[in-house]
Structures are given as C-alpha cells and as structure tokens.
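Visitor: Submitted below is the structure of interest, expressed as structure tokens.
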Amino acid sequence: MLDISNEKSNNIEVFTSGDNYLNNEDQKELTLKDVTPRLSKWWFQYPYLLKLNIFLGCALFGMVTQGYDGTLMGNLQTIPSWNSYYDNPSGERLSTLSNGQVFGSIASVPFLVIVGNRIGRKHMLLVGVILSILGAGLQAGAVNYGMFLVSRIFLGLGSGATQVSSAPLLAETAYPSQRPAITSMMQASFPAGAFMAALFVYAGFESDVKYNDWSWRMPSVLQAACPIIQLILVYFCPESPRWLIAHNKENEAFEVLTKYHAGGDRNSDLVKFEMVEIKAAIIKEQSGRKVSWLAWFHTKTNLHRLFSHHCVTVYYTVVWIFTRIVLFFNCS
Numbered sequence: 000m001l002d003i004s005n006e007k008s009n010n011i012e013v014f015t016s017g018d019n020y021l022n023n024e025d026q027k028e029l030t031l032k033d034v035t036p037r038l039s040k041w042w043f044q045y046p047y048l049l050k051l052n053i054f055l056g057c058a059l060f061g062m063v064t065q066g067y068d069g070t071l072m073g074n075l076q077t078i079p080s081w082n083s084y085y086d087n088p089s090g091e092r093l094s095t096l097s098n099g100q101v102f103g104s105i106a107s108v109p110f111l112v113i114v115g116n117r118i119g120r121k122h123m124l125l126v127g128v129i130l131s132i133l134g135a136g137l138q139a140g141a142v143n144y145g146m147f148l149v150s151r152i153f154l155g156l157g158s159g160a161t162q163v164s165s166a167p168l169l170a171e172t173a174y175p176s177q178r179p180a181i182t183s184m185m186q187a188s189f190p191a192g193a194f195m196a197a198l199f200v201y202a203g204f205e206s207d208v209k210y211n212d213w214s215w216r217m218p219s220v221l222q223a224a225c226p227i228i229q230l231i232l233v234y235f236c237p238e239s240p241r242w243l244i245a246h247n248k249e250n251e252a253f254e255v256l257t258k259y260h261a262g263g264d265r266n267s268d269l270v271k272f273e274m275v276e277i278k279a280a281i282i283k284e285q286s287g288r289k290v291s292w293l294a295w296f297h298t299k300t301n302l303h304r305l306f307s308h309h310c311v312t313v314y315y316t317v318v319w320i321f322t323r324i325v326l327f328f329n330c331s
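Have a look at this one:
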C-alpha cells in the first residue's frame, strides 16, 4: 500500500514515492492511527517494545535525577554534621549553595540546544549523565565551601543537558500508541527523585552515621545512582529517528523504526508512514522558519495556542517556585 522502501545494495531509498503519497488524494484521510497495528497482547510481551521502553528509561530517569538533585539541598540543611562542616552557612552563602544547580542550568541554556541539534539527542543525554556523575562525585568528596558549590554547578549543567535531550528523545522514539503515556511520565517522575532524596537522608538519621560526615556524604554518593543507570541504558538506546532524518541519515532512521516499531518487518506500513510523516514535518518546519513571530497574533487559533502554552508554562513555574520556597524555608 505504501511502497516507499526500495533496497539497492546497502542504500534504502525511503522517500522514492513517499512525497507522492503525501499528495495522494485517494488516501489523504489516512492517519498514523490507521497504520498503527493493534496490539493483541500486553506491550511487554512484544520483545522489541519491551527493549525499546527499557532503553528509553535512560530519558525517564533524567527527571528522577532532577527531583533528587533539586530537593537534596533542602534535606541536607537538616543534618547537623553538614551544617557544622560548612560552618553553619546562612544568608548569601546558603542561598548561593542552594541555587548552585540553578546557576549551572542557566549557564548551559544558550549552548545546549545548539550543541544538542548537532550531536544528537543520545549523545547530548550522554554528556548530561557524565556531568551529573562528576557533580555527584565532587559533592560527596567536597572538603570546602567552594568545592561543594562547584559540584552543585556541575549537577546543574548535567541536569540541563539531560532535560534538553530527554524530552525530544522520548517523544520522537517512543512507539506511537504509547507516546502520550510515556511522555507524560517524564514530569511525573520528579516526585520519585524527591522522595528518594528524603528517604536516604532520613535513613542517615536512623543510623550510626547521624553525627558524622557520612550522614550527608552518603546521600551525595547515591545522587549518582540514577545517572549510572542512565549511562548503561543510553549505550543501548537508539538515536531519535527524527534527528537522523533531519541530518540526512534516512537509512539509519529506517533501521531504528523497523527494529523497534515493527519488530524487524521491513515492509511495515507503520514504518513507511512514519518516515514520510517525519520528513514532511521537517520540511514544513524549515519553511516555517521564515514566518514572523507576529504570526502568533494573526489568527484566533494561534492566539489560543499561545495562551495555552503560556498558561502551562506559568503554572509549572509557579508550582516549582512554591515547592522550592516550602522546601528551603521549612528546613531553616
């Protein structure tokens, strides 16, 4: 039905008739839902979907790590040995430490998107994971105020790189019918990391290390647990098919989609449709770059989209701010 994959030696010309298909009036109503096979069993009973979702765990663990890193400082302030080790920091000294992770994230913003688009989602995630592990190691071994602050900044750099790459990797690689659920799980994973941070700090209070340095160094060491899991999973995780196609690597994208969305079926209608759809979306976005930002105000539909986007952004920001306020000031 969608004959757009012609194999010639090692070259797969995926788009030979794909563009014609997009303009085919007889099948213009065909959607992704129409070509997505209905699963007759649980998804984990399909080996290729099980592997894909396990490998995508490297992206989901990014938000767990951020939840751990982002709330650990508030928990550390309740530990007597941490306060005494750093001479009971307060005021500017304490706020600087508390926001060290934020400083790192802000500093990395101008570069992350540009670098990520060049090296790929997978490699950008790898960079973030390595920075997070390095930051956790520095924090666990910190011997003075400056070293502890640098460790927090490294954690912020790693968190920023992880977040920039994780969201698109999930959205662009997940199986179509599972994409809404798996992408929504990302933000919902933050509390899991926050709970882990609180649990490990509390465990220190109930152990023999309550009044020595290991009461705060151990939770700092465990900060590297999720990044280490990510480091293992990212090795096996496939690169985003969309990124591959955008960088003229259609053959590799076809192989990824065939392996993880069709279980190796090279004649899958789903894979053929996805290849055409991704290319069409990229072409449309490239042509849209010439559109002025004022286009948001030209139609009611665009205004509605702009308003909805800002409502979600403002809501998330307000919730985050109040969470930080309660976390840090409740510990003082």
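Heads up: the sequence shown begins at 0 in numbering that gives the first Met the number 0, then just goes up one per residue. Think of the CB as a built atom: it goes at the ideal place given N, C-alpha and C, for glycine as much as any other residue.
1) Please return the same chain residues whose Cβ sits closer than 8 Å to the Cβ of K7, not counting the five positions on each side in sequence.
2) Relative to the C-alpha of P226, which residue among M195, A196, A280, G127 is closest?
3) If I measure Cβ to Cβ from E24 and keep anything under 7 Å in the same chain, skipping five residues before and after, which residues do I get?
4) Can you grab the Cα-Cα spacing for the pair C310 / L256, in whole Å?
5) Are the stretch 73-93 and the stretch 120-134 in contact at 8 Å, needing three or more beta carbon pairs?
6) Quick check: G157 and S131, are their CB atoms within less than 8 Å of each other?
7) Report all residues from its chain with a CB closer than 7 Å to the CB of M184; omit the five preceding and five following residues, and keep chain order.
8) For the alpha helix (DSSP H) that contains C225, what are its first and last residues?
9) Could you name the residues of the same chain whose beta carbon sits closer than 7 Å to that of V163, not counting the 5 residues immediately before and after it, in chain order?
10) For Q162, report the span of its alpha helix (DSSP H) as first-last.
11) Tell me where the alpha helix (DSSP H) around N250 begins and ends.
12) Can you give me the C-alpha to C-alpha distance between H297 and A279, rounded to a whole angstrom?
13) The alpha helix (DSSP H) that contains S104, what's its start and end?
14) Please tell me whether P179 and A196 are closer than 8 Å, where the distance is taken between their beta carbons.
15) Compare the C-alpha of T182 against each of A170, G66, Y67, L55 and name the closest.
16) Tell me whether I281 sits in a helix, a strand or coil according to DSSP, three-state version.
17) Once you ignore the five residues that flank R216 on each side, which residues in its own chain have a CB closer than 6 Å to its CB?
18) For P240, which residues of its own chain have a beta-carbon under 6 Å away from its beta-carbon, when the five flanking residues on both sides are left out?
Guide: The answer reads as follows:
1) Start at 1 with the first residue of the sequence shown, and residue 7 comes out as number 8. Bear in mind that a pLDDT of 38 at K7, under 50, signals an unreliable position, so the model cannot answer this.
2) On the sequence shown, position 227 is the one that residue 226 refers to. When each option's Cα is compared against that of P226, the closest is G127.
3) Locating residue 24 in the sequence shown gives position 25, where the first residue counts as 1. Legend: pLDDT at E24 = 44, less than 50; position of this residue unreliable, no value from coordinates given.
4) Here the question's residue 310 lines up with position 311 in the sequence shown. Here the question's residue 256 lines up with position 257 in the sequence shown. The straight-line gap from Cα to Cα measures roughly 34 Å.
5) no
6) In the sequence shown, the residue the question calls residue 157 occupies position 158. In the sequence shown, the residue the question calls residue 131 occupies position 132. Contact flag set, yes.
7) Taking the sequence shown and counting its residues from 1, one reaches residue 184 at position 185. Excluding residues within five positions, the ones whose Cβ falls inside 7 Å are L59.
8) Looking up residue 225 in the sequence shown gives position 226. Looking at the DSSP string, the run of the alpha helix (DSSP H) that includes C225 is 224-235.
9) The sequence position of residue 163 within the sequence shown is 164, counting from 1. Counting only residues of its own chain and dropping the five nearest sequence neighbours on each side, V163 has a CB closer than 7 Å to the CB of L111, V112, G115, M123.
10) On the sequence shown, position 163 is the one that residue 162 refers to. That run of the alpha helix (DSSP H) goes 144-172.
11) The residue labelled residue 250 in the question sits at position 251 within the sequence shown. Where N250 is concerned, the enclosing alpha helix (DSSP H) stretches over 249-260.
12) If you number the sequence shown from 1, residue 297 lands on position 298. If you number the sequence shown from 1, residue 279 lands on position 280. Straight-line Cα distance between these residues: approximately 24 Å.
13) Locating residue 104 in the sequence shown gives position 105, where the first residue counts as 1. Residues 99-118.
14) Sequence index remark: in the sequence shown, residue 179 carries index 180 (1-based). Sequence index remark: in the sequence shown, residue 196 carries index 197 (1-based). No; because the gap between Cβ atoms is not below 8 Å, this pair is not in contact.
15) As a position in the sequence shown, residue 182 is number 183, starting the count at 1. It is A170 whose Cα lies nearest to the Cα of T182.
16) Mapped onto the sequence shown, residue 281 falls at position 282. DSSP places I281 in helix when its eight states are reduced to three.
17) Mapped onto the sequence shown, residue 216 falls at position 217. Here the set comprises A139.
18) As a position in the sequence shown, residue 240 is number 241, starting the count at 1. Here the set comprises A252, V255, L256.
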